[in-house]
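Take a look at the structure set out below.
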Amino acid sequence: MSALSFSSEVLPIFFEERHRALSARLTPELLAPLARTHDGAESARLLGEPLGLYAHLVPEALGGAPAGRPGDATAIDVRALVLIREALGQVSPLADSIFAVQGLGSYPVVLAGSEAQRQEILPEVIRGSRICAFGLTEPEAGSDVASMRTVARREGEKWLLSGEKTLISNVPIAHHVVVFATVSPEAGRKGISAFLVEATAPGLTMEPVPLSVPHPLGRLRLDGCPGELLGEPGTGFRVAMETLDAFRISVGAAANGMASRALAEAVKHVRRRRQFGVALAEQQIVRAYLAEMATELDAARLLVARAAHQRDTATGRVTVEAAMAKMYATEAAQRIIDKAVQLHGGSGVTLETEVERLYREIRPLRIYEGTTEIQKLIIAKGVLDRAAAAGES
1 MSALSFSSEV LPIFFEERHR ALSARLTPEL LAPLARTHDG AESARLLGEP
51 LGLYAHLVPE ALGGAPAGRP GDATAIDVRA LVLIREALGQ VSPLADSIFA
101 VQGLGSYPVV LAGSEAQRQE ILPEVIRGSR ICAFGLTEPE AGSDVASMRT
151 VARREGEKWL LSGEKTLISN VPIAHHVVVF ATVSPEAGRK GISAFLVEAT
201 APGLTMEPVP LSVPHPLGRL RLDGCPGELL GEPGTGFRVA METLDAFRIS
251 VGAAANGMAS RALAEAVKHV RRRRQFGVAL AEQQIVRAYL AEMATELDAA
301 RLLVARAAHQ RDTATGRVTV EAAMAKMYAT EAAQRIIDKA VQLHGGSGVT
351 LETEVERLYR EIRPLRIYEG TTEIQKLIIA KGVLDRAAAA GES
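UniProt numbering numbers the first residue of the sequence shown as 1 and each following residue consecutively.
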């Protein structure tokens with residue numbers, strides 16, 4: 001494939017020299033092994049020591065890559081995540097999904113793990129010898145986390161977990177799952193705690209779930225399964241939300257990568273394909289499609305880059321900006337890829353074309369790490385809270 005497209009090239013004001021060096025390293029040649037494999041375990045391995053990309057999921061103070069937010073020992077460089085996920089979105093959405101969940105399943109250890117847990121787990125995460133998963137969603141508790149039914153009870157020095165998790169990415173290739181369970185159901189979200197559960201733990205059953213794209217996904221059943229507490233009891237909801245805050249922006253970046261690839265494929269097709277005696281690229285309606293696609297992609301990149309820059313350089317939360325970036329980028333990518341399929345005509349829905357695969361790959365991004373509808377609620381709350389703070393009637 002041709003050279004990859006990066007936000008650091010089109011929006012340099014939001015990025016620094018280390019980001020430009022990173023994007024220069026992420027060439028099609030370097031990432032070619034990821035493009036060639038459709039095996040989740042192989043993709044997970046390649047992202048580790050051969051490519052060294054997992055280092056960007058761990059703060060520098062804990063052995064990872066240089067951090068973004070100054071003075072914060074738990075910070076990771078979100079702009080680096082943006083560039084990596086843009087690249088993976090263009091080359092291998094499978095690898096992108098595994099990379100993202102490796103972050104979700106290890107960052108709770110960064111935030112709440114003991115020194116011993118960090119020293120044991122995080123070097124393995126960086127090498128890729130430990131693959132992680134993030135066990136939050138349940139059959140009856142998706143966006144409504146407070147309705148969680150998985151429970152943890154203490155027996156002596158042990159915590160035993162019982163319940164079910166579903167739609168958990170990286171199952172069954174994960175070596176551990178960070179499972180969220182309630183230690184006090186009557187306390188709602190204040191009773192939720194985070195636990196580290198090894199894949200080999202007794203009482204844990206992992207079952208793969210078929211997906212519309214060949215990504216590792218499954219459900220967990222826990223029947224008196226032992227887990228190690230991360231942090232203090234009752235702090236799990238905060239750990240989950242802080243983890244999602246750190247990675248939600250990068251979902252928009254992955255969508256931008258997929259949209260960028262779709263636009264490139266569409267341009268290549270309409271320049272080559274001829275109808276009614278001229279190339280499709282000479283027809284006005286085709287040019288209108290390309291104009292809309294390019295404009296939406298640039299708008300999405302602006303929102304993602306702004307949110308990532310704020311996350312890396314500001315001291316406060318960027319929850320609203322992250323929600324805007326995630327919502328707009330994933331919805332725009334769906335529209336861009338849909339237009340790319342349309343411009344390909346009948347070939348756009350055959351398994352031989354890249355745009356058909358992208359059409360299936362983009363759809364989950366509008367759901368995971370907070371649906372579009374949840375992002376709208378977050379944004380609206382932020383708008384109303386800011387108006388109230390300003391004293392507007």
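Note that the Cβ used here is the ideal one computed from N, Cα and C, for glycine as well.
Residue i: buried (16+ other C-beta within 10 angstroms of its C-beta) or exposed?
| i | result |
| --- | --- |
| proline 108 | buried |
| serine 2 | exposed |
| lysine 376 | exposed |
| leucine 349 | Before going on, a small fix: residue 349 reads as valine here, not leucine. So valine 349 counts as exposed. |
| lysine 268 | exposed |
| arginine 36 | exposed |
| glutamine 119 | exposed |
| threonine 243 | buried |
| threonine 295 | exposed |
| proline 216 | buried |
| aspartate 96 | buried |
| arginine 272 | exposed |
| histidine 38 | exposed |
| arginine 287 | exposed |
| lysine 381 | exposed |
| lysine 326 | buried |
| glycine 277 | exposed |
| leucine 204 | buried |
Could you check if residue i belongs to the surroundings of the ligand PLP, using beta carbon to heavy atom distance under 7 Å?
| i | result |
| --- | --- |
| serine 250 | For the structure depicted, the ligand PLP is absent and the ligand set is empty, with no information on it obtainable. |
Within the same chain, show all residues whose beta-carbon is closer than 7 Å to that of residue i, passing over the 5 residues directly before and after it, in chain order.
| i | result |
| --- | --- |
| proline 66 | Arg18, Glu60, Asp77 |
| proline 12 | none |
| residue 404 | Given a span of 1 to 393 for the chain in the structure shown, any question on residue 404 remains unanswerable. |
| glutamate 331 | Arg366, Thr372 |
| leucine 46 | Pro33, Leu34 |
| glycine 128 | Ala44, Arg45, Leu47, Gly48, Glu49, Tyr54 |
| proline 172 | Met206, Pro208, Pro216, Gly218 |
| arginine 301 | Ser7, Val10, Leu11, Asn256 |
| residue 422 | The displayed coordinates of the chain run from 1 to 393. Any statement about residue 422 would go beyond what the structure contains. |
| aspartate 385 | none |
| alanine 75 | Pro59, Ala67, Gly68, Arg69 |
Cutting at 6 Å between CB atoms, please list the residues of its own chain near residue i, excluding the five before and the five after it.
| i | result |
| --- | --- |
| alanine 259 | Leu297, Ala333, Ile336 |
| glutamate 175 | Residue 175 is actually histidine in this sequence, not glutamate. Here the set comprises Arg130, Ile131, Ala199. |
| lysine 190 | Gly234 |
Quick one: what's got a C-beta closer than 8 Å to residue i's C-beta in the same chain, skipping five residues either side?
| i | result |
| --- | --- |
| arginine 317 | Asp245 |
| glutamine 117 | Val109, Leu196, Glu228, Leu230 |
Per DSSP, which residues does residue i bridge with? Please list them.
| i | result |
| --- | --- |
| serine 169 | Leu217 |
| glutamine 275 | Val278 |
| methionine 241 | Answer is none; methionine 241 lacks a bridge partner. |
| arginine 153 | Leu160 |
| phenylalanine 180 | Ala194 |
| glycine 135 | Val179 |
| alanine 141 | Glu138 |
| threonine 205 | Arg221 |
| glutamate 17 | Glutamate 17 pairs with nothing; no bridge assigned. |
| glutamate 228 | Leu196 |
Going by alpha carbons, who is nearest to residue i out of the options?
| i | options | result |
| --- | --- | --- |
| glutamate 155 | Glu352, Cys225, Gly163, Pro93 | Cys225 |
| glycine 64 | Glu124, Val101, Tyr368 | Glu124 |
| alanine 255 | Glu232, Ala21, Glu86, Leu31 | Glu86 |
| leucine 161 | Val145, Ser184, Asp144, Ser169 | Ser184 |
| tyrosine 368 | Arg360, Ser7, Ala116, Ser169 | Ser169 |
| threonine 137 | Phe237, Ala389, Phe15 | Phe237 |
| leucine 22 | Ala80, Ala32, Glu42 | Ala80 |
| glutamate 16 | Arg360, Pro210, Thr166, Asp312 | Asp312 |
| isoleucine 378 | Pro364, Glu321, Val179 | Glu321 |
| glutamate 354 | Val383, Ala264, Ala307 | Ala264 |
| glutamine 90 | Gly382, Tyr359, Ala389 | Tyr359 |
| glycine 103 | Glu157, Leu290, Val177, Ala141 | Val177 |
| proline 28 | Ile84, Ala41, Ser8 | Ile84 |
| methionine 324 | Leu211, Gly370, Ala288, Arg357 | Gly370 |
| valine 213 | His56, Arg69, Gly40 | Gly40 |
| glycine 234 | Leu31, Ala116, Leu222, Arg153 | Arg153 |
| glutamate 232 | Arg274, Thr182, Glu186, Ala279 | Thr182 |
| alanine 308 | Leu31, Ala253, Ala100, Gly345 | Ala253 |
| leucine 51 | Tyr289, Ile126, Ala100 | Ile126 |
| arginine 363 | Ala388, Val251, Leu351 | Val251 |
| glutamine 310 | Ala146, Ile249, Glu115, Ala112 | Ile249 |
Unbroken alpha helix (DSSP H) runs of length 4 or more, entirely within the segment 278–336: which are they? As far as the segment 278–336 is concerned, its whole alpha helix (DSSP H) runs of at least 4 residues are 284–313.
Kindly provide the ranges of any beta strand (DSSP E) runs that are 3 or more residues long and lie completely inside the segment 35–110, ordered along the chain. For the segment 35–110, not a single whole beta strand (DSSP E) run of length 3 or above is found.
Start-end ranges of the alpha helix (DSSP H) lying completely within the segment 347–387, minimum 4 residues: 354–362
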